[in-house]
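6 protein chains.
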Amino acid sequence: MKKVDLSFQSCKAEYNESNVVLFSVPMDTTTSYRPGTRFAGNAIRVESIGIEWYSPYKDMNLRDYKTVDIGDLELPMGLVEDSLEIVNDTVKQILKDNKKPMMIGGEHLVTLPVVQALVQKYPDLHIIHLDAHTDLRDEFLGRKLSHATVLRRCHDILGDGRIYQFGIRSGDKHEFDLAKSGHVFMRKFDLEGLDKIVEKLKDKPVYITIDLDVLDPSVFPGTGTPEPGGITFKELLSAMKTFEGLNNVVGADLVELAPMLDTSNVSTIVAAKALREMILLLHK
Amino acid sequence: MKKVDLSFQSCKAEYNESNVVLFSVPMDTTTSYRPGTRFAGNAIRVESIGIEWYSPYKDMNLRDYKTVDIGDLELPMGLVEDSLEIVNDTVKQILKDNKKPMMIGGEHLVTLPVVQALVQKYPDLHIIHLDAHTDLRDEFLGRKLSHATVLRRCHDILGDGRIYQFGIRSGDKHEFDLAKSGHVFMRKFDLEGLDKIVEKLKDKPVYITIDLDVLDPSVFPGTGTPEPGGITFKELLSAMKTFEGLNNVVGADLVELAPMLDTSNVSTIVAAKALREMILLLHK
Amino acid sequence: MKKVDLSFQSCKAEYNESNVVLFSVPMDTTTSYRPGTRFAGNAIRVESIGIEWYSPYKDMNLRDYKTVDIGDLELPMGLVEDSLEIVNDTVKQILKDNKKPMMIGGEHLVTLPVVQALVQKYPDLHIIHLDAHTDLRDEFLGRKLSHATVLRRCHDILGDGRIYQFGIRSGDKHEFDLAKSGHVFMRKFDLEGLDKIVEKLKDKPVYITIDLDVLDPSVFPGTGTPEPGGITFKELLSAMKTFEGLNNVVGADLVELAPMLDTSNVSTIVAAKALREMILLLHK
Amino acid sequence: MKKVDLSFQSCKAEYNESNVVLFSVPMDTTTSYRPGTRFAGNAIRVESIGIEWYSPYKDMNLRDYKTVDIGDLELPMGLVEDSLEIVNDTVKQILKDNKKPMMIGGEHLVTLPVVQALVQKYPDLHIIHLDAHTDLRDEFLGRKLSHATVLRRCHDILGDGRIYQFGIRSGDKHEFDLAKSGHVFMRKFDLEGLDKIVEKLKDKPVYITIDLDVLDPSVFPGTGTPEPGGITFKELLSAMKTFEGLNNVVGADLVELAPMLDTSNVSTIVAAKALREMILLLHK
Amino acid sequence: MKKVDLSFQSCKAEYNESNVVLFSVPMDTTTSYRPGTRFAGNAIRVESIGIEWYSPYKDMNLRDYKTVDIGDLELPMGLVEDSLEIVNDTVKQILKDNKKPMMIGGEHLVTLPVVQALVQKYPDLHIIHLDAHTDLRDEFLGRKLSHATVLRRCHDILGDGRIYQFGIRSGDKHEFDLAKSGHVFMRKFDLEGLDKIVEKLKDKPVYITIDLDVLDPSVFPGTGTPEPGGITFKELLSAMKTFEGLNNVVGADLVELAPMLDTSNVSTIVAAKALREMILLLHK
Amino acid sequence: MKKVDLSFQSCKAEYNESNVVLFSVPMDTTTSYRPGTRFAGNAIRVESIGIEWYSPYKDMNLRDYKTVDIGDLELPMGLVEDSLEIVNDTVKQILKDNKKPMMIGGEHLVTLPVVQALVQKYPDLHIIHLDAHTDLRDEFLGRKLSHATVLRRCHDILGDGRIYQFGIRSGDKHEFDLAKSGHVFMRKFDLEGLDKIVEKLKDKPVYITIDLDVLDPSVFPGTGTPEPGGITFKELLSAMKTFEGLNNVVGADLVELAPMLDTSNVSTIVAAKALREMILLLHK
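Note that the protein sequences, when read in sequence, are chains A, B, C, D, E and F.
This note's numbering numbers the first residue of the first sequence as 1 and each following residue consecutively.
This note's numbering numbers the first residue of the second sequence as 1001 and each following residue consecutively.
This note's numbering numbers the first residue of the third sequence as 2001 and each following residue consecutively.
This note's numbering numbers the first residue of the fourth sequence as 3001 and each following residue consecutively.
This note's numbering numbers the first residue of the fifth sequence as 4001 and each following residue consecutively.
This note's numbering numbers the first residue of the sixth sequence as 5001 and each following residue consecutively.
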């Protein structure tokens, strides 16, 4: 008799045979408002039993591709630097084995160690970033490493012209100014122009980071800092369709689901369905 | 002093004087994911106290029409065939008495016995089907009779060219292929083209079956298998306006509300308001 | 050491130095369906810790303006006339001190005493009213003073041509007839034409009353009588942008948040963010 | 075909043949904290489908007795005096027809018009009162008629030595003093000594009023003013057993269930089971 | 890198090396009231991350024993007989391999195939049964196989004097009569006398089946048919201590957790902690 | 007009005139399971509007004593050492001003800086500790400073014989061994013997720290790590009565309420009522 296997929907391959490696990062230490994203990974796994393995949007089937789910990384709870190092080591190993990383957050700060690992392999790395919040602060509540500074830290690494933000509708004035002065590309409030950016980056190595609070809270209430005025799920699906124009997506993440706040359970389903589409994108 | 009467909003006529007969079917035996639609009927009844009897969309008033509410049918819990037979008998009686059936599910399988009864009276019956799911499997988890096969069973009865699906966004690949090869009409993801179909069917006998999960989960979280990427309530209202172009609507149902999952209670209100509009449509 | 200060986000000025006075009215006595709006004020205050003080929509910052939050008014619970008088006295004092009132309801009836106070100072007062419900009944459940009659009472004071309603989708037939016969302006179902009305009223003294149930229940489930088919938050933000065309907004309110019904807490966040935008509008 | 019948579990007799008349009073106008008891009656009706008609505690079966359920009384929402008069008229009619009243609240104030009606028929009326709160204030928030004054109003009618309170653990100091000076009998915190009081009153006409918040909030969270430190459900059942020592129970009520606050639905089940026991007691 | 392992807390052994085999049965087809126990197994697994592996009650540590968790059995949804056969086959294999079965329900009917398998190996099998409900009906809603008949079916197999029930407080009169006439031992309402029964059965092969609704709904709201008036968790722990007097516990189950109804998540934690104690008991 | 004042029930004195200083610590950084205690302070403040200022248990009235509420301390989110220092500084100032500190957590680690401040003034300090968990680990998840080590850190300061634990029912084996070998006094599972300890410590300076998860989860579900098998609220009240035998209570805290997990809101009410009793104890 076999041991219980609660891998994400149909992603039951072994590590060695897989092209995509799914993992989750149970960390929300720097979350400043409502915490709880640490529980996202397993919530999505259990909920994924209820979604189909076939995507009518992409006409692709999870069962036709090899994906391994290695579960929650084991982190020293509350020790931020040590936790980020473990994420970084994990991604380096995945890249070394010529697989693509697909990460479930956790808070948004977990994107940083992935980007640090990717840039070593892909020095010309670009980031497409969907989010309600700029995350461009230089420091937040006395911390350099924070969910609210994570894209600024990525900018420290990548420099100007490499980060493309969409859906942004919350932040401090100086963060918006950073975009105005051209350090990052920022589209406020919606996803307009994404197709042009995709066209522009089509042969570049691109990392896609999706903070699920880019969705309107009506669609995705289960997150720590819901920000009214966001996009619909159809708009997110449309963006994922647009991403198919990229020839070199080198990894991706979905962050900021907080299951404790998801009273109707629908946010977890939204995240699971979005994850199915993203895994299929990485296999394309 | 009179006994308590918890008929749906204003539908307090006696059976004999009524043109429309409202009933609910407390069955969710074949539900494969989250069950609980068995409780929909009474939840809608109690909640309907909070909605208006006047519809500004149709400029019609429930109080001006005769509708009887006969409540939940009494079913042998868990015995699928026996339960369907009771629904079938009930609808046959309603049709014999020259009234129109308006059914609240329950899971979607309850549509089958209604269609079986209707086709005897209206051999040229057509179905308009709003849903997130195709429900076109030939068999599901070892069952021929299932919420996931119900439209396939209807197709067995009606044959090609009689079923028109809208809003579909989930299913197995072979189900979508069934539509591609022309056995049923399927509009994926939205309701575009509904007006043309209504025009085409305007003098046909038409049964309308609405799986409320055609709505986006933001609008209607209280259902067993929410499927992100659905339509808005305004789009559903617009469809109901379009339905007025049909000259021979012979019955209708609203299925798949699961009150246990409706933490904010809003899904039940959505169902109640949709039901008001559907009853008025049947009286038109 | 200083006493606890739970003023709404950044609105921590003293009364004398303030231009805008924020207060809340914990009254829901005439609520006919699900009560609980009495708790809205403090729920918004506590939740406001989680929103930004900077608005990217208006490029304005709450910290740059002087606003005082005087909290819940102390009302004799359940005594309608006495409670309204206290609201009226409060607003008269605010006007006398040359400040603008920004009110959080409570049920919608609390708008009446504000209008009564304002019209003394601004005889040419006009009202822009966003709501799902007409609130134009002459009497409701035996009461002249009710959440369902409040705009009718305002009409008694202001007369024809002064009230402009948008988003209306529920009421009794005779209420809609009142608009048809031209006593009030009514735009059903959405906000179309708001820009024209704003242009028309740009130099008039205008009071803006927003019943938050004008929003679709997917966006704002936490209210006593959710009414499916409403506007999105983006549409509400757009209306607030349009309001900037008014040169003389003399006060405003946001009513009908019922925190007990807000299981996901998102409605309270929606109200808090809308309130930030309205306070900034009053400071413009 | 028969109209829907949602009478409380098995209580489906007609009025004329019944010995006990069940009704509910949807009023919570004077509730000072969290409102919503207006919805208790129908919530209990719908939930009662899930409980047994046989009581192993009393070895009696609801089906063996004739009880009619006349549903929610129709009240003019928010008009306290008018509402109480309707309750009073209803009970007078029930008494005239030689039946016993069994009332579901609503807030506790609804007990007053029942007592007013009963005392006319039974001048020697006594009251046994289970509650967390004394309800002995002379006035509350400017009102003589309030949930917080209802037992004081009963005392006005009945005088000293007629009211026996148990389980009391909240109130103002002067209310506790009223008991200390002997005007009413009060047992604080628990039900000790109930058997002695029952023995003493065994041949008197007794009305039993149970504010369900006498139960600990762990047992009964679904109420407006939960008061930690209450009794268990077993202790309540034991009290109901003790009540069998009374030879002349002339009526009873269960008040203060607030279904909106009953997130787990268990409080409604507690109320339904308690109601089954109370109806059986009245039939004894 | 290793695949995700979501075995119940510390029970991460391989099948071959284990003495106890944990499995869950996602079946609730015959549930007559609120369904959802099909989700119990994985809910307990994920929640078990939050409980300790050391039991201060037994001074034993899960880590010191070999237990395998084989997860949810794969069942043909809604086909009762086929599902029970799969459970039966699984348990037969476990017994053949000289291991002990520890089952998580699902509805209570899943106990039957375990008992059928056990009695083949242990003809002198006895059952200790903790429950709110008798489950002794001969037939329920037209079914011989039902959660409400399961102990009657066990009695068909084992005969008189083999079944010992505790905590019973709900059922039909004829079920209680079955106990009165001596066919089964029944202790109503509480666990008194359990120690004497344990003493009596100490050298017999005993199966322990615990319907978690034996607990009071205040302790365990997350179940389909909560029955007020139950035992506390301390009383359940005390029973588990008493069970240590049994020298031959041959298997056990915990049934009727319904996670969809567990709004506070505490019922799932209660089940997880009870499961830890039961696994340790089987290892004793 | 005065600014909003949301001090805890009746505790509206100014700092200088107060004998007791109430403050809350919004920190849950080291919480290993479900976070969210950072929100406890303001949740209790808002909820306290619904409780009485008079205590029938102590026959004392909050209004008769001077207490100031200084609100949430402002902490650098996620920086543990810095946050603890701020708590320590605050308490030192309170002690210097000859007032008593009453703290609301936050996670349990916040007790440490209070004890550090108190021991400087009261070298002979003793601690009475009510909790489900030992909190005696030397290190937890790589941290010396953790909610799970806090009493061990207190032991480092105070040494043997100074810490008295009650209600303990969860921890690792070596923690229980620490008590067995006499370093701390530990009463497992309940509060028996508390009166003897109080008698023994009656003239000592005593700090009382109450982790509210000492209560059974049925009473107090709203906490991060509910531990079934706890005490009732009546037992906690009884302990508070017993504490009156102490002549020198120098401060106290209530920790581990997590409002996000308190779906029924009852845990917040439990905490508010317990806080009222504790404040009165400090004034005694």
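Quick reminder that beta carbons are idealized off the backbone N, C-alpha and C, glycines included.
Just so we're clear, the structure is a prediction, and the values are computed from it rather than from any experiment.
DSSP three-state assignment for residue i, whether helix, strand or coil
i          : result
B:Lys-1196 : helix
C:Pro-2217 : coil
D:Thr-3263 : coil
D:Leu-3145 : coil
A:Asp-253  : strand
B:Val-1004 : coil
C:Lys-2234 : helix
E:Lys-4188 : strand
E:Thr-4225 : coil
B:Asp-1156 : helix
A:Asp-211  : strand
Sequence-distant residues of its chain with Cβ nearer than 6 Å to residue i (five each side left out)
i          : result
F:Arg-5187 : Phe-5166 and Gly-5193
F:Asp-5211 : His-5108, Asp-5131, Val-5255 and Glu-5256
F:Ala-5272 : Ile-5044, Glu-5047, Ser-5048 and Ile-5051
D:Leu-3136 : Leu-3151, Arg-3152, Glu-3175 and Leu-3178
D:Tyr-3054 : Asn-3061
Close Cβ partners of residue i (< 8 Å) along its chain, the five nearest in sequence each way excluded
i          : result
E:Ile-4269 : Glu-4047, Gly-4050 and Ile-4051
C:Val-2214 : Leu-2130, Asp-2131, Ala-2132, Phe-2166, Gly-2167, Gly-2230, Ile-2231 and Leu-2236
Residue i - partner residues in DSSP beta bridges
i          : result
E:Ser-4170 : E:His-4133
E:Val-4206 : E:His-4126 and E:Val-4249
F:Ile-5163 : F:Ile-5127
Burial state of residue i (16 or more Cβ within 10 Å)
i          : result
F:Glu-5244 : exposed
E:Ser-4181 : exposed
B:His-1155 : buried
E:Arg-4169 : buried
D:Lys-3100 : buried
F:Arg-5143 : buried
Sequence-distant residues of the same chain with beta carbon closer than 7 Å to residue i, five excluded per side
i          : result
F:Met-5027 : Arg-5038, Leu-5075, Ser-5083, Gly-5106, Glu-5107 and Val-5110
F:Ser-5146 : Thr-5030, Leu-5109 and Phe-5140
A:Arg-6    : In the sequence as presented, Arg is not what sits at residue 6 of chain A; that position holds Leu. Contacts found: Arg-45 and Val-46.
F:Tyr-5057 : Leu-5237, Lys-5241 and Glu-5277
B:Met-1260 : Gly-1036 and Phe-1039
What beta strand (DSSP E) runs, 3 residues minimum, are completely inside the segment 2008-2062 of chain C?
2020-2024
Going along the chain, which unbroken runs of the beta strand (DSSP E) with 3 or more residues stay wholly within the segment 4053-4128 of chain E?
4067-4072 and 4100-4104
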